[in-house]
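What follows is a single structure, written as structure tokens, with notes after it.
There are 4 protein chains.
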Amino acid sequence: MNQVSSSNKIPKTARGKRTRDKLLRAAEVEFGEKGFHEAAVSGITYRAGVALGTFYTYFESKEEIFQALVSFMSHRARSWIAERVSDAPDRLTAEQMGLEAYIEFVRQHKGIYRIISEAEFVANDAFREHYTSFAAAYRANLEEAGNRGQIREGDYDTWSWAIMGMAVTLGMRYAEWDESIPPAQIAQTITDLIANGLRPLKPK
Amino acid sequence: MNQVSSSNKIPKTARGKRTRDKLLRAAEVEFGEKGFHEAAVSGITYRAGVALGTFYTYFESKEEIFQALVSFMSHRARSWIAERVSDAPDRLTAEQMGLEAYIEFVRQHKGIYRIISEAEFVANDAFREHYTSFAAAYRANLEEAGNRGQIREGDYDTWSWAIMGMAVTLGMRYAEWDESIPPAQIAQTITDLIANGLRPLKPK
Amino acid sequence: MNQVSSSNKIPKTARGKRTRDKLLRAAEVEFGEKGFHEAAVSGITYRAGVALGTFYTYFESKEEIFQALVSFMSHRARSWIAERVSDAPDRLTAEQMGLEAYIEFVRQHKGIYRIISEAEFVANDAFREHYTSFAAAYRANLEEAGNRGQIREGDYDTWSWAIMGMAVTLGMRYAEWDESIPPAQIAQTITDLIANGLRPLKPK
Amino acid sequence: MNQVSSSNKIPKTARGKRTRDKLLRAAEVEFGEKGFHEAAVSGITYRAGVALGTFYTYFESKEEIFQALVSFMSHRARSWIAERVSDAPDRLTAEQMGLEAYIEFVRQHKGIYRIISEAEFVANDAFREHYTSFAAAYRANLEEAGNRGQIREGDYDTWSWAIMGMAVTLGMRYAEWDESIPPAQIAQTITDLIANGLRPLKPK
DNA sequence: AATGAATGAGGGTTCATTCAT
DNA sequence: TATGAATGAACCCTCATTCAT
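Here's what the structure looks like:
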């Protein structure tokens, strides 16, 4: 019942691929605006400009397309950030650039934020996969930085989840709720926090 | 639809109060288990042991009881943490105890976590109120600690949201997903991160 | 999933009982006219004069009401025949009266014939129950007649199914397809066949 | 909708004939397993190993292929029995062999039984044709036997339907439901019943 | 002949809410 | 207050059939 569900619904023609893609794009908008439960399959097909039945040529169910969407967007986010970060000189700068990139990404894809939030309850596998991948990437970075002596050693696992948690919540706060503060500034503040903690800089 | 229409449905008799209470308690379980959309009013009344129609004697709608629940639980969480933290010697210790308390709280009330997550989309007012209150409490603490020289000065606003974000995500990770690590240990790690940042402890 | 399905949908008030009854009666007409698959729940509620949703107050599904109907009608048919036969002087006369009663019954309830036919594939349990009960009744009669010496001894089981088979098929032929021959005449012919077989009456 | 519109879809090439045949064979399995309404055209084409659209190259509709199938199988059954019976020494022996053959046939083609049952409501013309042909064959046999003095005279029409009815029902009972009793034994019992009726063998 | 994508009417089912008692 | 029957809008999904290639 949860078996790989790669359903024999993969398009075999170029036309089919195009239609499937239109549906995915439409689903991003529909789910992003209304949330999973309020979204309607007919809303997706309407936005995609195809007939209702066409939906079921490519997806088994509303759940399935939602899952597909979560995976798809999770990849997009990760690769977008990775690209932006690739030429960072050191880990802390990379952290800062990554955070900034993440907030910008969310600002450009508000629907995505909502979609991933809901995924916890609707497409739990994809949801966990998303966070686990993100955290794993962070963890690898922290470890590498640790090995190079750029940061101290410690519980990289927990740290990576903690940093990701900041990013997510700040994404919500400063990308969803309130766009008045530039991403760079938020990223700067947080990076400083991560780097230096709260200690008085020159404690006596 | 999102306006907290303080309905004129407040019970006047003792019997009425009891019934309303049964409904609220039942709603916590129903919403916690199924989430807002999958939950059914009939499920709530069934758990409460009253007839379906009785629900509308006390609540205008499914949305209303959900809102009431979010506010109620948000208060419970805050006061539970406040109590646990009240006798902390200093801010950092308080931070650690608070984080630990928070994780414990989520472990004991998994439904609550889910309810607040969904509130973002279903009862946005109550949801923002929840996070804003939490962040404000943090902010006040940070500011006070700053004034006392216990921590350095900085953008307390952003910091408070960042720290809260860690807590939320770690709550998910180490209370929802995986309970194998003791809350105290997680709290310790994070507090250390907050306090000291990632800098090598004895840089040359 | 097939558990007794006595679903907690039993009406608790007199009004409820009346509504459930209206639905059953309407279902008899709808299923009889259109067959299970072509019949619509909305057709049933329309005929019953209630709202669509009311259906699901009393029945879990279209399948469930169909099953209920088969059982109900099977009982009706059996008791109708039993009543007609009760004062027969001997077994052969009873056979004849029973067959006649059966054909008359089918003529008055053409829908029922179709319903039971389809039940084989839609509500197999109820279907088997129907035929098994009928055959058991026949069998008991044959056995009793055998014990009294009214008929010879033999494989009552197979005989009872054979006789029932005649009745069913003749019901189809002379009640469904063609009503020109009076039931009594058909019953007479068959009884004679059952009683005497095909042997020349005065074989040399 | 029930008129056998001898469609202009008869294949002209050898390849076409082969494809049409594959579809018919696949339809037998699909309809036999699922029944008319649950069966899907796509199920048929899938089993046949052709594309969905190909179906409509050979058949006007789902109804049409079903009709074609009923006729085809009705012929098969009749000729199979006829063959088995052809060398019977007398009518009663022929009856017995025919009944035995029929039960064996149903045991080997359970799908066919279901298909013909459903035909009453889906392809009524073909259904009546089927039963009428069978009955006519019986009738001719009875008449001939009567003329020869092998059986007494009587209402051959009703008798033929009655005997056929036994066969059908016993087919269901001892071929579909329960295969534990050998066809020959059932045939024997019934033939005896037909031949001798229920009369005590040595009446005074 | 064969393919497979596209269509859309149709129907079963859910459930928040209302209402009569 | 409490009950539970009644309502009907809403929506997911199926699948026979058509059509462009």
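Residue numbers (the working numbering), protein chains in the order written: chain A, 65 to 268; chain B, 65 to 268; chain C, 65 to 268; chain D, 65 to 268. Cβ atoms here follow ideal geometry from the backbone N, Cα and C, with glycine treated the same way. On a predicted model such as this, the values are computed, not experimentally measured, just so you know.
| For the candidate residues W225/A, I258/A, I179/A, whose alpha-carbon lies nearest to that of E97/A? | I179/A
| task | Give the single residue among A190/B, R216/B, A226/B whose Cα lies nearest to the Cα of A199/B. | result | A226/B
| task | Using a Cβ-Cβ cut-off of less than 7 Å, list which residues of the stretch 233-257 of chain A approach chain B; keep chain order. | result | T233, L234, R237, I250, T253, I254, L257
| task | With DSSP as the reference, label E261/D as helix, strand or coil. | result | The sequence given here has Gly at residue 261/D, not Glu. In this structure, G261/D counts as coil in the three-state DSSP scheme.
| Should G213/D go down as buried or exposed, given a rule of 16 or more other Cβ atoms within 10 Å for buried? | exposed
| message | So for N205/D, helix, strand or coil by DSSP? | response | helix
| said: According to DSSP, is Q67/B part of a helix, a strand, or is it coil? | reply: A caution first: Q67/B carries a pLDDT of 41, below 50, which makes its placement in the model too unreliable to give a value.
| message | Less than 6 Å between C-beta atoms, sequence neighbours within five positions excluded: which residues of the same chain meet that for G210/A? | response | E217
| Can you find a CB in chain D that lies within less than 8 Å of the CB of D219/C? | yes
| query | Apart from the five residues just before and just after M161/B, which ones in its own chain have a Cβ nearer than 7 Å to its Cβ? | reply | R148, V149, A152
| request: Answer yes or no: does any C-beta atom of chain C fall closer than 8 Å to that of R178/D? | output: yes
| Which one of A231/B, K86/B, E124/B has the shortest CA to CA distance from A165/B? | A231/B
| 8 Å contact criterion, which I108/B and E127/B should meet: CB distance rounded | No, I108/B and E127/B are not in contact; Cβ-Cβ is about 13 Å, not under 8 Å.
| field | Pairwise C-alpha distance: T121/D and I74/D | value | 9 Å
| said: To be precise: take each residue of the stretch 171-201 of chain D, compare its Cβ to all Cβ atoms of chain C, and keep it if any distance is under 9 Å. Which residues remain? | reply: R178, S181, E182, E184, F185, V186, R192, Y195, A199
| Is K268/A helix, strand or coil when you go by DSSP? | With a pLDDT of only 40 at K268/A, under 50, the local geometry of the prediction cannot be trusted, and the value read off the model is given with reservation. K268/A falls in the coil class under three-state DSSP.
| request: Classify N72/A as helix, strand or coil using the three-state DSSP reduction. | output: coil
| query | Should N66/A be flagged as near chain B, meaning a C-beta pair shorter than 8 Å? | reply | Note that N66/A has pLDDT 36, beneath the 50 cutoff, so the model's placement of it is unreliable and the number below is only indicative. No, its Cβ sits nowhere closer than 8 Å to a Cβ of chain B.
| field | F191/C and A183/C closer than 8 Å at C-beta | value | yes
| request: Would you tell me roughly how many angstroms separate the C-alpha atoms of L133/D and I129/A, rounded to the nearest one? | output: 39 Å
| field | Close-in-space but distant-in-sequence residues of the same chain around S135/D (CB under 6 Å, 5 per side omitted) | value | A190
| Secondary structure of H173/B, DSSP reduced to three states | coil
| said: Please return the same chain residues whose Cβ sits closer than 7 Å to the Cβ of R84/B, not counting the five positions on each side in sequence. | reply: P75, Y122
| query | What residues of chain C sit near T222/D, judged by a beta carbon separation below 9 Å? | reply | L234, R237, Y238, I245, Q249, I250, T253, I254, L257
| CA nearest to the CA of Y238/A, picked from G261/A, N260/A, Y220/A, Y177/A | Y177/A
| Starting from G96/C and walking both ways along the alpha helix (DSSP H), at which residues does that stretch end? | 78-102
| said: Between which two residues does the alpha helix (DSSP H) holding G117/C run? | reply: 116-122
| message | As a quick exercise: from H173/B, E102/B, A201/B, pick the residue whose alpha carbon is nearest that of M236/B. | response | H173/B
| E207/C versus A201/C: straight-line alpha-carbon distance, rounded | 10 Å
| field | Spatial distance of H256/D from I245/D (CA atoms) | value | It is Asp, not His, that sits at residue 256/D in the sequence shown. Each residue's Cα considered, the two are about 17 Å apart.
| task | Would you mind stating whether G229/A and G229/B have Cβ atoms separated by less than 8 Å? | result | yes
| request: Mind reading off the beta-carbon distance from R111/D to A78/D? Whole number of angstroms is fine, and I expect it under 8 Å. | output: Contact doesn't hold; Cβ gap of about 21 Å is too wide.
| message | Please classify A146/D as buried or exposed, where buried requires at least 16 other C-beta atoms within 10 Å of its C-beta. | response | exposed
| query | If you draw a straight line from the C-alpha of S69/D to the C-alpha of P247/D, how long is it? | reply | Low confidence applies here, because S69/D scores a pLDDT of 46, under 50, leaving its location unreliable and the question unanswered by this model.
| task | Please state if the CB of A251/C and the CB of L52/C are separated by a distance shorter than 8 Å. | result | Missing from the structure shown is residue 52/C; chain C here goes from 65 to 268 and no further.
| message | Please report whether the beta-carbon of G99/C lies at a distance below 8 Å from any beta-carbon of chain D. | response | yes
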